[in-house]
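Protein chains in written order, with the working numbering: chain A, 87 to 428; chain H, 87 to 428. Cβ coordinates follow ideal geometry from the N, Cα and C atoms, glycine included.
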């Protein structure tokens, strides 16, 4: 089968690999219907994360179950499934509390057997990781279901962690797919005012369509001042951080009022938080790898009812064979998010 | 009047100063009935915080109102009052949300006009900062009411920030007065299991009397392992951090399960939190200077009903004139907390 592999920064190739098979009795193997390039895939692509050896790429996926292990009870061959990027048993105390992305039995989807930017994918803990749709979904819903696999689930978690809700003013730091879907989540959760921080016209437009009420183009101290100006000097009640740099984390914390909530979902790179500033900020800080599995049933339901349309973040669709161009387009900001069809 | 003043590390003197008067129309002046030495006073005493010029000491107090400004409506001369260490208007959005310690109109009680380790104290924003007891309290309740002014309010906030409650296992890092009263708060809030981390027999004893169910004497990685052993490998649901060092913050974060809550109330000294570790921890982090004013009405009520006895943290009582000995006793860990009688 074909699989996207990153050899070095800027060097992504699609090559032939063995098709994965069930290895543990709790595995499933799926035929990937759609996968995509993640903002976090750009960290190694840009040389910020090191690549020691060729890396199998892709951790966002939807597809049809081909085969399941002997201990898989709920997931069945032929079902259309959406999965999350970390696997989880979904039975332990951590999973039951809604933190499936920190399951002690966690195994990454991208492991020895493959990544999701491929024709087939082996998924550990199939019952605890995958959610089946009722019947085969309409083809036009596939991008939205794929978004649920990571970027929607992550933006949603950011909004939940930031306690976005009725009466709240929510600021969103980051205008990538996760930030934009954080806007959508905040809107859906009932936020009164949603301030998207973005300097790109195409992303501003989508943010407004997803429910943003204000756009702030400034960054850093100027951006923080703007947020304060829009909130009687207090700062936002809730801030979603969807970048993961030192600058974006401090921007998020400083844009939030004392007692407010920062939901941070950008993968931290080179971030160190100054203890005294955090202490005096009085904010709540919560985030990390999103427990997408917690939200999947609800998100799939909203998508199938066509109440949300998160698939709009995909502004470029390419065949899997052109994965390299998908990475380039996102790296050069020509594409918000690129969908790959095996 | 007499006032404790710190001139340099290890150098505390009680000297004559002018008695403070109402300076702003929202001020009150109180005759201090009892004050005390705070764990945070030991930072400059030990030379960890710098002292540029002689510092008026004391920010914990109870007393009787002598005089009020023209705009003070609720607080009246003759009332017995308990106040918090930061002042607050208690009318703005931040105060109304329960974060009076971050009021934009905040003024420290220790300012140009004096500190609480004195005979008299000027309190800005009297209506928003002070809470009067119904009538004069019994003399034996004064230590507990004084504790409410800071250490109980701070330990309580730590427990609330850590979301201690029914069914929860709560770990407490730090066995000073705040940590011990964090134990009391967790018990009162209904926690199922309370693990006090302490290496001192007298403090362990008080922790057990306040409601601790387990004592862990180990620190650092060994202490974290013990907490994990006691919680099926998952970590505590809630951890109260009541020290403020890099070691204690990391011990608190690492002792907490993913999705759990760390309430940190130790004043941060030299703390920098590693972003990636925090991201992967999946914990909620909340803390800062405790909004004592939020909790005062409830805490005063519990004390007057004799349902809690937080004054037991005071194991040494001295006349104000012997303040220097009070500092020495706490510095040398001969006293958990020292009460000063003007």
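For residue 89 (chain H), DSSP records a beta bridge to H:101 and H:204. Considered as a whole, the region 89 to 159 of chain H harbours 128 to 131 as its complete alpha helix (DSSP H) runs of no fewer than 4 residues, in chain order. In summary, the residues of the region 162 to 187 of chain A whose CB is separated from some CB of chain H by less than 9 angstroms are 178, 179, 180, 183, 184, 185 and 187, in the order they occur in the chain. In this structure, residue 110 (chain A) places its C-beta atom within 8 angstroms of the C-beta atom of residue 155 (chain A). Judged by DSSP in its simplified three-state form, residue 406 (chain H) adopts helix. Secondary structure note for residue 314 (chain A): its alpha helix (DSSP H) is the uninterrupted segment 306 to 315. Here the alpha carbons of residue 382 (chain A) and residue 219 (chain A) stand approximately 10 angstroms from one another. Counting only runs of 3+ residues, the beta strand (DSSP E) found wholly inside the region 262 to 347 of chain H occupies 279 to 283, 300 to 302 and 322 to 327, in chain order. For residue 357 (chain H), the chain A residues whose Cβ falls inside 9 angstroms of its Cβ are 359, 360, 361, 362, 364 and 365, in order along the chain. Annotation for residue 347 (chain H): 248, 249, 324 and 370 place their beta carbon closer than 6 angstroms to its own, counting only its chain and skipping 5 residues before and after. The residue from A:374, A:150 and A:231 with its alpha-carbon nearest to that of residue 209 (chain A) is A:150. Taking each of A:228, A:266 and A:227 in turn and checking the Cα distance to residue 237 (chain A), the smallest one comes out for A:266. Taking C-beta atoms as the reference points, residue 340 (chain H) and residue 301 (chain H) fail to come closer than 8 angstroms. The C-beta of residue 130 (chain H) comes no closer than 8 angstroms to any C-beta of chain A. Annotation for residue 316 (chain H): 281 and 300 place their beta carbon closer than 7 angstroms to its own, counting only its chain and skipping 5 residues before and after. Within chain H, 180, 185 and 188 have C-beta atoms less than 7 angstroms from the C-beta of residue 344 (chain A), given in sequence order. In the structure shown, the three-state DSSP call for residue 360 (chain A) is strand. Taking a cut-off of 8 angstroms on C-beta distances, the region 357 to 369 of chain H does not touch the region 252 to 261 of chain H, as fewer than three cross pairs fall below it. Proximity to residue 421 (chain H) across H:211, H:128 and H:136 peaks at H:128, based on C-alpha coordinates.
In its chain, beyond the 5 residues on either side, 151, 152, 153 and 154 have a beta carbon closer than 8 angstroms to the beta carbon of residue 163 (chain H). Excluding sequence positions up to five before and after residue 126 (chain H), its CB lies within less than 6 angstroms of the CB of 353, all in the same chain and listed in chain order.
In this chain, the alpha helix (DSSP H) harbouring residue 379 (chain A) covers 378 to 390. For residue 169 (chain A), DSSP records a beta bridge to A:216. If you draw a 10 Å sphere on the C-beta of residue 107 (chain H), you find fewer than 16 other C-beta atoms in it, and that means exposed. Under the Cβ criterion of 8 angstroms, residue 354 (chain A) is counted among the residues facing chain H. Using a Cβ-Cβ cut-off of 8 angstroms, residue 371 (chain H) counts as an interface residue toward chain A, since at least one Cβ of chain A sits closer than that to its own. At the C-beta level, residue 87 (chain H) and residue 141 (chain H) stay beyond 8 angstroms of one another. A distance below 6 angstroms between beta-carbons, with the five flanking residues on each side excluded, links residue 222 (chain A) to the following residues of its chain, in chain order: 166. Straight-line spacing of the CA atoms in residue 398 (chain H) and residue 230 (chain H) works out to 7 angstroms. In the three-state DSSP reduction, residue 415 (chain A) falls in the helix class (H, G or I).
Using a Cβ-Cβ cut-off of 8 angstroms, residue 143 (chain A) does not count as an interface residue toward chain H, since no Cβ of chain H sits closer than that to its own. Within chain A, the residues whose beta carbon sits less than 9 angstroms from that of residue 368 (chain H) are 180, 185, 187, 188, 372, 373, 374, 375 and 377, listed in sequence order. Here the region 272 to 287 of chain H does not lie against the region 398 to 409 of chain H, with fewer than 3 beta-carbon pairs under 8 angstroms apart. In terms of beta-carbon proximity, residue 283 (chain H) stays away from the interface with chain A, with every pair separated by 8 angstroms or more.
Listed along chain H are 190, each with a C-beta nearer than 9 angstroms to that of residue 319 (chain A).
Scanning A:403, A:226 and A:270 for the CA closest to the CA of residue 241 (chain A) turns up A:270.
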